Every structure is written in C-alpha cells, then in structure tokens.
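Novice: Using this note's numbering, read the sequence shown as starting at 1 and increasing by one per residue.
Backbone N, C-alpha and C define an ideal beta-carbon position, used for all residues, glycine too.
No experiment lies behind these values; they were computed from the predicted model shown.
Dropping the structure in here first, questions after.
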Amino acid sequence: MAEELEVERNDIRDDGRRPPRAVVGSFRIERDLFGRVFDRSTVARIWDFVRPYRRQVWVSVAAVLAFTGTQLAIPLIALYAIDTGMSGQPGTENALTHAMIAFLVVTAINFIASYLQENTA
C-alpha cells in the first residue's frame, strides 16, 4: 500500500524533496489562486466599476457589520438578563427591564440592517 501512495504522488519539488503529506501542494494552489488575481491594479480597476455605486456598497457593508454585531449582542443580553436580573440581589430590580429594552433595540437594529442588506439598490 505504501508503494501505491508513492506512485500516485507526483508533487515532487524542483529540488527532489516532497512536501509533508498534510500540506501537499497547498502553497502552490494558494499562489496560483491569489497571487496573480488579487493585486492592486485589479482592485483599482474593479473600484472604477463600483464607483457609481459607492453609497450602496458602503451602506451594505455597514448593514452587514451592524447585523453581525446585533447577532452577537443578543446572547450577551440574555446572559445579562439571567445572571443579573434573576440573581435576586439588592439593586438588580430593574435589570430585567433594561435587558428587555436592550433586546428590543438590538432586535430593531437587526431588522433594519437585514432589510438594508437585502434591499439596498
């Protein structure tokens, strides 16, 4: 079986050595995919096409960031509500109310960001 593996592998380097099996050809693949395609001149040419839609691009990027932030905030609000609001310690009487208000605000922002992501035109 080891002989079969040695026969199947044709990724010998120029100096005759073979790469470790865990990274067979990965550097060459990445270099081929990203080395020539993603350079400054390509991005500059693409930006020329995007320029008339600058506002929509920035609104969409902001909406994606806001949506992601609110998705991350929802479990933190639940954590605060459970840990603080249900602790029964003095001074935490309004914690559940604050958590509920924060949840409603974050959910509204989440909805608006989701809407902007899908309907920015």
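Cutting at 7 angstroms between CB atoms, please list the residues of its own chain near T68, excluding the five before and the five after it.
Specialist: No residues qualify anywhere along the chain.
Novice: Helix, strand or coil, according to DSSP, for P52 in the structure here?
Specialist: Of the three classes helix, strand and coil, the one that applies to P52 here is helix, per DSSP.
Novice: What's the call for A113, buried or exposed, on a 16-neighbour Cβ count within 10 Å?
Specialist: Its Cβ being crowded by 16 or more others within 10 Å, A113 is buried.
Novice: Taking 7 angstroms as the cut-off, decide whether the C-beta atoms of A81 and A99 are in contact.
Specialist: A contact, by the Cβ cut-off of 7 angstroms.
Novice: Which of helix, strand or coil does DSSP assign to T70?
Specialist: The answer is helix: DSSP assigns T70 an H, G or I state.
Novice: Go to I109, then tell me how far its alpha helix (DSSP H) extends in each direction, as first and last residue.
Specialist: Where I109 is concerned, the enclosing alpha helix (DSSP H) stretches over 95 to 119.
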